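Undergrad: Pasting a structure here, questions to come.
Numbering (the numbering used here), first residue to last: 8 to 173.
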């Protein structure tokens with residue numbers, strides 16, 4: 008069952024939540040009980056929060072040579088690496104090794120937030136997010152999502168919209 012909680016009144020303190028509070032960005036914490044062993048983190052979040060999987064987004068780190076970027080796409084779809092590379096002006100892209108992604112972001116896989124990353128990278132948000140007043144992204148740990156406007160997410164990350172779905 009999802010717990011709604013305006014502005015993080017409970018103890019869900021992560022770098023992502025701290026950034027939102029510090030910048031006075033409107034957001035809502037959405038918590039759920041993460042099932043141990045579950046590896047479809049985004050779909051689990053959508054199901055347990057009773058949310059449309061098109062409105063819940065996963066955060067993926069991609070790499071080209073020594074350049075990194077963040078791609079944020081709906082949990083219901085997959086990332087088109089060619090489209091992401093094109094949007095970044097890269098020749099190609101591949102998924103970042105999970106251990107490197109954890110070190111760069113400061114978050115664990117399944118809880119990587121596009122916000123408050125230890126080493127920020129250029130960020131792309133799938134263009135489908137434009138149709139929603141709010142979207143949900145990981146709040147920095149498994150079982151914690153943040154609901155905020157796509158425009159605020161892009162403002163805080165310095166990101167851009169791009170068609171990213173496969």
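The C-beta atom is built at its ideal place from N, Cα and C for all residues, glycine as well. Everything numeric in this text was worked out from a predicted model, so none of it was measured.
Could you name the residues of the same chain whose beta carbon sits closer than 8 Å to that of residue 134, not counting the 5 residues immediately before and after it, in chain order?
TA: 168, 169, 170, 171
Undergrad: Can you tell which of 78, 82, 83 has the C-alpha that lies nearest to the C-alpha of residue 89?
TA: 78
Undergrad: Count the other CB atoms within 10 Å of the CB of residue 74; is the residue buried (16 or more) or exposed (fewer)?
TA: exposed
Undergrad: By how many angstroms is the C-alpha of residue 34 removed from the C-alpha of residue 155?
TA: 5 Å
Undergrad: Can you give me the C-alpha to C-alpha distance between residue 151 and residue 38, rounded to a whole angstrom?
TA: 5 Å
Undergrad: For residue 27, does the three-state DSSP call read helix, strand or coil?
TA: In the displayed model, residue 27 falls within a helix according to three-state DSSP.
Undergrad: Taking the alpha-carbon of residue 129 as reference, which of 68, 80, 101 has the nearest alpha-carbon?
TA: 68
Undergrad: Between which two residues does the beta strand (DSSP E) containing residue 75 stretch?
TA: 74 to 81
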